[in-house]
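Here the sequence shown stands for residues 0 to 100, numbered as in numbering that gives the first Met the number 0.
The beta carbon of each residue, even a glycine, is placed where N, CA and C say it ideally should be.
The block underneath contains the structure these notes are about, expressed in structure tokens.
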Amino acid sequence: MNTLNPKCILTNRDLSYSNSGHILPCCWVNTQFNDKYIKHLFKDNLHIDNNDTIEDIVNSKEWKEFMNVLKNNSDEDLPKQCKIFCSVKLEDNFEETKEKF
Ligand code: SF4
Numbered sequence: 000m001n002t003l004n005p006k007c008i009l010t011n012r013d014l015s016y017s018n019s020g021h022i023l024p025c026c027w028v029n030t031q032f033n034d035k036y037i038k039h040l041f042k043d044n045l046h047i048d049n050n051d052t053i054e055d056i057v058n059s060k061e062w063k064e065f066m067n068v069l070k071n072n073s074d075e076d077l078p079k080q081c082k083i084f085c086s087v088k089l090e091d092n093f094e095e096t097k098e099k100f
């Protein structure tokens with residue numbers, strides 16, 4: 000069963016730009032280049048230097064496959080970061096509920 004509420008799909012959450020030169024669906028997955036699914040978004044063909052527009056990247060096969068994972072994989076088989084940040088109600092923003100310092 001998939002109970003994820005992916006904010007990258009269901010809200011206007013901003014894209015993220017990684018210091019590796021890649022666009023990502025959000026900043027929460029920005030450092031997850033070893034994750035089984037997210038690592039595909041860090042492939043060389045998706046580097047900004049190898050694309051003319053952001054649309055070329057977000058419409059790529061890799062991005063479509065990743066969004067398919069978010070929508071259709073079971074809860075047990077989702078990226079860890081996505082489960083942490085998006086297995087909550089859409090209106091809940093994990094970052095805003097954390098204590099600062
Ligand atoms: S944590 Fe995952 S599901 Fe949530 S917005 Fe980011 S990429 Fe999408």
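- Going by beta carbons, residue 4 and residue 73 fall outside the 8 Å limit.
- Under the 10 Å beta carbon count, residue 8 is surrounded by fewer than 16 other beta carbons and is classified as exposed.
- Secondary structure note for residue 66: its alpha helix (DSSP H) is the uninterrupted segment 60 to 71.
- Taken through DSSP and simplified to helix, strand or coil, residue 23 comes out as strand.
- Taking residue 59 as the centre and dropping the five residues before and after it, the same chain places the C-beta of 45 closer than 7 Å to its C-beta, in chain order.
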